[in-house]
């Protein structure tokens with residue numbers, strides 16, 4: 074289990090490993106392009122070489138790409154749908170070129186089509202993204218908070234999507250603690266954490282859990298409001314994160330913090346590192 078944060082890659086992807094090391098990260102997540110739109114910066118041979126060299130120089134164990142926020146694989150608008158498919162495939166290829174382990178994405182909203190049709194369209198989109206893909210970067214479905222009919226806020230929805238995938242070996246799940254909590258999965262104590270991941274194992278299989286976004290929540294259990302909080306400052310609380318660390322089934326899953334207060338990134342990382350040290354003495 075390695076611990077890191079979502080960090081800036083401003084000025085070039087090769088800056089990301091150093092930025093992670095500067096706050097004590099052992100792994101990191103970044104955007105390889107603007108999350109709001111526009112063309113992706115070119116990955117020249119110098120950028121790729123610099124990124125890989127800095128991964129080693131700054132002792133970073135793994136790296137992950139987060140897809141842009143505008144992705145919507147459930148859209149009835151063909152421009153948005155096909156654009157989302159194209160960007161996700163491009164991000165996978167960029168990840169593979171850089172040696173990134175995973176690329177995760179939000180799936181989009183079912184408001185255009187309704188849940189059943191949206192699930193089918195999302196799965197079709199992922200199949201198109203993965204068609205003929207030979208790279209090493211895996212595609213991760215990020216669990217959502219469920220606001221605005223966003224797809225993927227329950228284990229059952231994610232299971233339905235994975236069941237429809239033709240190349241399951243290239244896909245997995247990114248679990249977000251804030252999103253799961255506000256979707257109704259309790260994480261506040263040891264008993265709750267055990268039940269929540271027992272259910273995950275029963276419905277999705279822990280083999281499909283590839284990465285965890287570790288975020289506290291500003292809003293209540295089942296609120297469906299996606300508001301991240303700093304570690305121990307939200308409704309999940311420190312006891313919940315301690316229970317997560319103590320669940321040995323998660324010991325080989327890396328943790329990425331997406332906590333909201335950038336100047337507290339190092340402090341948030343140190344809290345989780347301390348819990349890891351207490352657990353794995």
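Residue numbers (my numbering): 74 to 354. All C-beta atoms, glycine included, are put in the ideal place defined by N, C-alpha and C. Predicted model only: the values in this text are computed from it and were never measured.
Can you grab the Cα-Cα spacing for the pair residue i / residue j, in whole Å?
i	j	result
residue 160	residue 293	34 Å
residue 126	residue 172	11 Å
residue 259	residue 332	19 Å
residue 114	residue 166	13 Å
residue 351	residue 319	9 Å
residue 312	residue 288	13 Å
residue 203	residue 234	14 Å
residue 237	residue 340	41 Å
residue 117	residue 271	44 Å
residue 338	residue 269	27 Å
residue 133	residue 123	13 Å
residue 232	residue 83	36 Å
residue 274	residue 324	15 Å
residue 286	residue 317	12 Å
residue 195	residue 91	35 Å
residue 239	residue 321	31 Å
residue 336	residue 193	41 Å
residue 230	residue 207	27 Å
residue 178	residue 158	11 Å
residue 156	residue 191	16 Å
residue 242	residue 226	22 Å
residue 284	residue 222	23 Å
Taking 8 Å as the cut-off, decide whether the C-beta atoms of residue i and residue j are in contact.
i	j	result
residue 353	residue 276	no
residue 104	residue 139	yes
residue 75	residue 99	yes
residue 220	residue 297	yes
residue 163	residue 176	no
residue 282	residue 326	yes
residue 329	residue 78	yes
residue 224	residue 253	no
residue 94	residue 154	no
residue 96	residue 89	no
residue 129	residue 180	no
residue 299	residue 334	no
residue 112	residue 141	no
residue 315	residue 342	no
residue 290	residue 305	no
residue 169	residue 201	no
To the nearest whole angstrom, what separates the beta carbons of residue i and residue j, a pair I think is in contact under 8 Å?
i	j	result
residue 197	residue 135	Contact doesn't hold; Cβ gap of about 30 Å is too wide.
residue 87	residue 110	23 Å between Cβ atoms; not a contact.
residue 199	residue 279	Between residue 279 and residue 199 the Cβ distance is about 21 Å, and since that is not below 8 Å, they are no contact.
residue 250	residue 345	Incorrect: roughly 11 Å between the Cβ atoms, too far for contact.
residue 85	residue 120	6 Å
residue 295	residue 257	4 Å
As an exercise, report each continuous alpha helix (DSSP H) stretch of at least 4 residues that is fully enclosed by the stretch 247 to 271, in chain order. 250 to 255
For the pair the stretch 175 to 192 and the stretch 257 to 273, tell me if three or more CB-CB distances fall below 8 Å. no
Given 8 Å, three or more beta-carbon pairs between the stretch 209 to 218 and the stretch 233 to 251: yes
Runs of beta strand (DSSP E) wholly within the stretch 262 to 332 (minimum 3 residues, chain order): 282 to 287, 327 to 330
Considering only residues of the stretch 146 to 223, which uninterrupted beta strand (DSSP E) runs meet the minimum length of 3 residues and lie entirely inside it, listed in chain order? 175 to 178, 211 to 215
At 4 residues or longer, what runs of the alpha helix (DSSP H) sit wholly inside the stretch 90 to 133? 118 to 130
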